[in-house]
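Novice:
Number of protein chains: 2
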Amino acid sequence: MKLLIVGGVAGGASAAARARRLSEDAHIVLFERGPDVSFANCGLPYYVGGVIAERGKLLVTTAEKLRSWFHLDVRTQSSVEAIDRKNKTVRVRELATGREYEEKYDKLILAPGAAPLRPPIPGLDLPAVMTLRNLGDVDRIKARVDAGVKHAVVVGAGFIGLELIENFVHRGIKTTVVELQDQVLPPLDKEMTTPIVAALESRGVTVLLGDSAEGFDAAGDGVSVRLKSGKKLDAQLVILGVGVRPENKLAVDAGLDCGPRGGIRVSEHMQTSDPDIYAAGDAVEIVDFVSGDPTQVPLAGPANRQGRIAADNVFGRPTKFRGTQGTSIVGIFDRTAASTGMSEKMLRRANRSFRKIYIHPAHHAGYYPGAEGMTLKVLFDPITGRVLGAQAVGGQGVDKRIDVIAMAIQAKMTVFDLEEAELAYAPQFGSAKDPVNMAGFVASGLLRGDHPQVDVESLPGDATIVDVRTPAEFAAGHIPGAVNIPLDELRARLSEIPADRQTVVYCQVGMRGYLATRILLQHGRTVHNIGGGYRTWLLYNT
Amino acid sequence: MKLLIVGGVAGGASAAARARRLSEDAHIVLFERGPDVSFANCGLPYYVGGVIAERGKLLVTTAEKLRSWFHLDVRTQSSVEAIDRKNKTVRVRELATGREYEEKYDKLILAPGAAPLRPPIPGLDLPAVMTLRNLGDVDRIKARVDAGVKHAVVVGAGFIGLELIENFVHRGIKTTVVELQDQVLPPLDKEMTTPIVAALESRGVTVLLGDSAEGFDAAGDGVSVRLKSGKKLDAQLVILGVGVRPENKLAVDAGLDCGPRGGIRVSEHMQTSDPDIYAAGDAVEIVDFVSGDPTQVPLAGPANRQGRIAADNVFGRPTKFRGTQGTSIVGIFDRTAASTGMSEKMLRRANRSFRKIYIHPAHHAGYYPGAEGMTLKVLFDPITGRVLGAQAVGGQGVDKRIDVIAMAIQAKMTVFDLEEAELAYAPQFGSAKDPVNMAGFVASGLLRGDHPQVDVESLPGDATIVDVRTPAEFAAGHIPGAVNIPLDELRARLSEIPADRQTVVYCQVGMRGYLATRILLQHGRTVHNIGGGYRTWLLYNT
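Residue numbers (my numbering), protein chains in the order written: chain A, 1 to 542; chain B, 1001 to 1542.
Below, the structure is given as structure tokens:
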């Protein structure tokens, strides 16, 4: 067996290591265009900021180690330029020498990754305008930062963009982020990003939403960025982080099937339309585990799994990739935002019916010092209660709850199962009723009809809105048009709430509103609680 | 409906609140023997240490709030002394006045909790010998500590015992812990507690295992503790933390069925042997979700769920308690130990076949600063791969992995599902191959026959033991009798390993040992890797 692997980072390196574990006598060649194999892609922004101080830390493994441990034929700075499917060969160019040669294969695994999108903006090639993909890029960015950058502009408020911003701020650089969409972190639902914008602005970052770069002009030691809005931003460094596209040229040229967004089409065995060619990682089109639709998710975890599965199948083991659920996370200053499964906007786009709940719990018992707040949103099927997606934003403990719910999604569990989750509780770690349980209670109450809830964005115009918080809380800010009847006076003041129209109640985070809903329901009223209360309302109205 | 509830902490308070949400017009009486309802049981040790500075923080809710929000008839310092099942009344004694009266019920929920065991040791009633259950106890302990305690003895190295030890050390108290069993934290498997003993000893705590208190003698301002071993320990404060027993006297006197260990027997609807009486919390016998056997698990999370379910059923909603999986966690200094599902010793006791794996991953990407190590043990069915239990010990991130695996156990997932878990990865939060994935890889490799593993405690006597680490690692400590052939020399030095007998390989944490196993297997050798490597061996041999 002669196995060629194109690409030596997550998917390719995983495939190569797995292949050797399955076969001691296969000839396995790993081609990597860059000088390094298997570097820590996700660590690059932190090297710019000095959080990761040593460049060597970014080298997860080395070509030398792959050779000595795995007997791999590692060829770096070697670009695979073409595939001859008929003769089962690839054409390779050695970047250092320019020498070209052909290499035969029995099986081929493509793991070329994804490249930063470079939209056709005038001035894109100015030296101060950069993208971040590999160690060479990060060296260039860091060199420029080290040389002294006062102002930076990040175009695109995705995960890598925001991580770079955090690191620019660490380095004392005044930073502006420009995002075409009307929110940061486009994979998340907009209201969940409100605390992230607040965190950015509190650190002095200027956030420009619904705007885009139309041109870059050389100006002094840097560039002037022309925006669609007419604004001009001067910067010594511009990062383009507007997304990635699959590196599919090799596949397209070879006539392999690709999807509408460019991803190489593969079966659940990671096999392309050519049975001797497999593909893995950011370049492939895979299946969304929850929706069942094709998608492209450039994430390291799925890439590693796909590489492993591709190698399995090369050696006759019919393992399958179950699809991705797009679990992702980003830390920005002291905030964390994470997501798993489908977002509300994905569900709307797919025209799929759903319900949602919001809670705003502390990450551990409130009586133990250091409890940090978070907002957790759970999306679920309105009939079966199956968990379809979850998002959380906050500080400590966000990652844990999203991982727990990621397991629930993988297992096709329902919100009723979340009620019954038995999670580890001591006061430093959680609560006797963990946020995951609370989300289960609130969602299950909604589905059972015990706890009718209305979403902030669809408050009925003709309802009486009752704020059941204390007068002090009400005075500090409330939903326009609301009347204040504190929960502990509600039973005595029922007559103040018109019985001939529907009532909407709310409190700060939803708990007292729930109790008020129960009271009013049992008095025959038509009533809904605003899920997540005033805090949720603020997410939509800040 | 007149509902009486006995006990106002976790189970009772949850039942009362749920009952009111289900019925505005029921008369709900909550009897609590102590002066406080719903206090933060699990926070008590931290109040002793001053970590929780304000006593008021321990009051999760107040009788006043339960009255105003929930219209509950809360009667504190009221002891329910007897149940007359025929006439459906209880006899109540007001502790302040001594007045007794009868109260009628339609339904009764018992949530009396569990009391610290007080074994018949001479001198048990000396004022310096205390137990910890409620706020009164913690006030007494704290008063004594505040008055000046130089030496403390904690009898029993369970969760509460260790939490108290941490807090005693915070307060500068030289502490000795005496445990009858040969390990601390008896719910965990012994080898997993090795790092906890090390943490205790590194903070100056004396750990005496396999010993017990035989008597307490008044001595100066404190007591002298006589141990079975003959040792004598002088202390100004002794805490007895040797377990709890269900407060079942009321139930037993009323002729309700109880289990062999005293727990009140209930159906999955939390109904006792009397259909008008329900029970919830630490006093009940429930079902172990994994083993299906009856058990008693005095934990707050299940108590809350049970209280809720009892109230549901009182009001005609046939919800069920799915059983407990015993998920628990404890923090001791900078160490965390957590567990979910069955332990190895439970499995052995139940004579149930199982396999196990150990891994020693970092809690997040190693290239990002601050990665902390942990040891994760996963127990699973040897045929189906179903996850039966997991334990972890380490620093940061232990709670997350145990919670994730708790979900897997709830969903009856297998180790093959752990391989495919898609968890949130950014370098501050995890790894592209999360510890949960790694555990899945190692366990699945074992079940598939790709990665034969041998447990440390059953190393074959006649095998060649090959240490595949570097000579420097080997020199720093190795398994007696092992020969050193570093992984990167293994292929060239195969002939040094006798082919006519079995081989056992190992490395530091298991990865290189796995690679060595793959190489040797493919050369026709009979070979097993020591799961978790030298680190696991050290857990058994320290």
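The C-beta atom is built at its ideal place from N, Cα and C for all residues, glycine as well.
With 7 Å as the limit, tell me which residues of the segment 1021-1043 of chain B have their beta carbon closer than that to any beta carbon of chain A; keep them in chain order.
Specialist: Here the close residues are 1021, 1024, 1040, 1042 and 1043.
Novice: Where do the N-terminal and C-terminal ends of the alpha helix (DSSP H) with residue 1011 of chain B fall, by residue?
Specialist: Element bounds for residue 1011 of chain B: 1010-1022.
Novice: Out of B:1291, B:1024 and B:1006, point me to the one whose CA is closest to residue 492 of chain A's CA.
Specialist: If we check each option's Cα against that of residue 492 of chain A, B:1024 comes out closest.
Novice: Can you have a look at residue 1190 of chain B and say buried or exposed, based on whether 16 or more other CB atoms are within 10 angstroms of its CB?
Specialist: With 16 or more Cβ atoms within 10 Å of its Cβ, residue 1190 of chain B is classed as buried.
Novice: Taking the Cβ atom as the reference point for each residue, do residue 37 of chain A and residue 44 of chain A lie within a distance shorter than 8 Å?
Specialist: No.
Novice: Are the C-beta atoms of residue 1316 of chain B and some chain D residue less than 8 Å apart?
Specialist: The displayed structure is made up of protein chains A and B, and chain D is not among them.
Novice: Which residue comes first and which comes last in the alpha helix (DSSP H) that contains residue 303 of chain A?
Specialist: 300-314 is the span of the alpha helix (DSSP H), which, as asked, contains residue 303 of chain A.
Novice: Does residue 172 of chain A pass the burial test, meaning 16 or more other C-beta atoms within 10 Å, or should it be called exposed?
Specialist: Exposed, since its Cβ has fewer than 16 Cβ neighbours within 10 Å.
Novice: Can you list, in chain order, the residues of the segment 1308-1333 of chain B whose Cβ is nearer than 7 Å to any Cβ on chain A?
Specialist: From the segment 1308-1333 of chain B, only 1322, 1324, 1325, 1327, 1328, 1329, 1330 and 1331 have a Cβ closer than 7 Å to chain A.
Novice: Could you work out which residue in B:1203, B:1262 and B:1509 is closest to residue 1251 of chain B when comparing CA atoms only?
Specialist: It is B:1262.
Novice: Is it buried or exposed for residue 143 of chain A, if we count other Cβ within 10 angstroms and need 16 for buried?
Specialist: Per the 10 Å Cβ criterion, exposed.
Novice: Could you name the residues that DSSP lists as bridge partners for residue 1258 of chain B?
Specialist: Its beta-bridge partners are B:1264.
Novice: Considering only C-alpha positions, which residue in the set B:1155, B:1196 and B:1435 is nearest to residue 1366 of chain B?
Specialist: The shortest C-alpha separation from residue 1366 of chain B is found at B:1435.
Novice: In its own chain, which residues sit with a C-beta less than 7 Å from the C-beta of residue 1188 of chain B, not counting the 5 before and 5 after it?
Specialist: The residues are 1337, 1339, 1343 and 1391.
Novice: Please state the DSSP three-state secondary structure of residue 471 of chain A.
Specialist: In the structure shown, residue 471 of chain A sits in a helix (DSSP, three-state: H, G or I).
Novice: Any chance you could list the beta strand (DSSP E) runs of at least 3 consecutive residues sitting entirely within the segment 1049-1080 of chain B, in chain order?
Specialist: Runs of the beta strand (DSSP E) inside the segment 1049-1080 of chain B: 1073-1075.
Novice: Ends of the beta strand (DSSP E) at residue 513 of chain A?
Specialist: Counting along the chain, residue 513 of chain A falls outside any beta strand (DSSP E), though it belongs to the alpha helix (DSSP H) covering 511-522.
Novice: Could you check the C-alpha separation between residue 1439 of chain B and residue 111 of chain A for me, to the nearest Å?
Specialist: Each residue's Cα considered, the two are about 25 Å apart.
Novice: Return the residue from the list B:1311, B:1481, B:1414 and B:1233 that minimises the CA-CA distance to residue 1006 of chain B.
Specialist: Residue 1006 of chain B has its Cα closest to that of B:1311, out of B:1311, B:1481, B:1414 and B:1233.
Novice: Strictly under 8 Å for the Cβ-Cβ distance: is residue 69 of chain A near chain B by that measure?
Specialist: By this cut-off, residue 69 of chain A is an interface position.
Novice: Check each residue of the segment 487-510 of chain A: if its Cβ is closer than 8 Å to any Cβ of chain B, include it; give the result in chain order.
Specialist: If the cut-off is 8 Å between Cβ atoms, the segment 487-510 of chain A has 487, 488 and 491 near chain B.
Novice: I'd like the span of the beta strand (DSSP E) that includes residue 27 of chain A, first residue to last.
Specialist: Looking at the DSSP string, the run of the beta strand (DSSP E) that includes residue 27 of chain A is 27-31.
Novice: Residue 223 of chain A bridges to which residues according to DSSP?
Specialist: Its beta-bridge partners are A:218 and A:235.
Novice: Which residue marks the beginning of the alpha helix (DSSP H) containing residue 159 of chain A, and which one marks its end?
Specialist: Residues 159-170.
Novice: Using C-beta distances below 7 Å, list every residue in its chain close to residue 1267 of chain B, excluding the 5 sequence neighbours before and after it, in chain order.
Specialist: Counting only Cβ-Cβ distances below 7 Å, and skipping sequence neighbours, we find nothing.
Novice: Quick one: Cα of residue 1139 of chain B to Cα of residue 1147 of chain B, how far?
Specialist: Approximately 12 Å between the Cα atoms of the pair.
Novice: How would you call residue 377 of chain A, buried or exposed, if buried means at least 16 neighbouring beta carbons within 10 angstroms?
Specialist: It is buried - the Cβ of residue 377 of chain A has at least 16 other Cβ atoms within 10 Å.
Novice: Looking at chain A, which residues of the segment 1423-1440 of chain B have a Cβ within less than 9 Å of any of its Cβ atoms?
Specialist: Cβ contacts with chain A: 1423, 1424, 1425, 1426, 1427, 1428, 1429, 1430, 1431, 1432, 1433, 1434, 1436 and 1437.
Novice: When you compare the segment 1167-1181 of chain B with the segment 1199-1206 of chain B, are there three or more beta-carbon pairs, one atom per stretch, that lie closer than 8 Å?
Specialist: Because the criterion of three Cβ pairs below 8 Å is met, the segment 1167-1181 of chain B and the segment 1199-1206 of chain B touch.
Novice: Based on DSSP bridge pairs, tell me the residues matched to residue 1536 of chain B.
Specialist: None; residue 1536 of chain B has no bridge partner.
Novice: Can you tell me which of A:60, A:300, A:92 and A:109 puts its alpha carbon nearest to the alpha carbon of residue 19 of chain A?
Specialist: The shortest C-alpha separation from residue 19 of chain A is found at A:109.
Novice: If you pair each beta-carbon of the segment 73-83 of chain A with each one of the segment 40-56 of chain A, do three or more pairs fall below 8 Å?
Specialist: The segment 73-83 of chain A is not in contact with the segment 40-56 of chain A.
Novice: Are residue 1153 of chain B and residue 1178 of chain B closer than 8 Å when you measure CB to CB?
Specialist: Yes, the Cβ-Cβ distance between residue 1153 of chain B and residue 1178 of chain B is below 8 Å.
Novice: For residue 1101 of chain B, which residues in the same chain have their Cβ closer than 7 Å to its Cβ, ignoring the five residues on either side in sequence?
Specialist: Cβ within range, chain order: 1092.
Novice: Helix, strand or coil for residue 194 of chain A? Go by DSSP, reduced to three states.
Specialist: Residue state, collapsed to three classes: helix.
Novice: Assuming contact is defined by CB atoms lying nearer than 8 Å, are residue 325 of chain A and residue 236 of chain A in contact in what I supplied?
Specialist: Contact flag unset, no.
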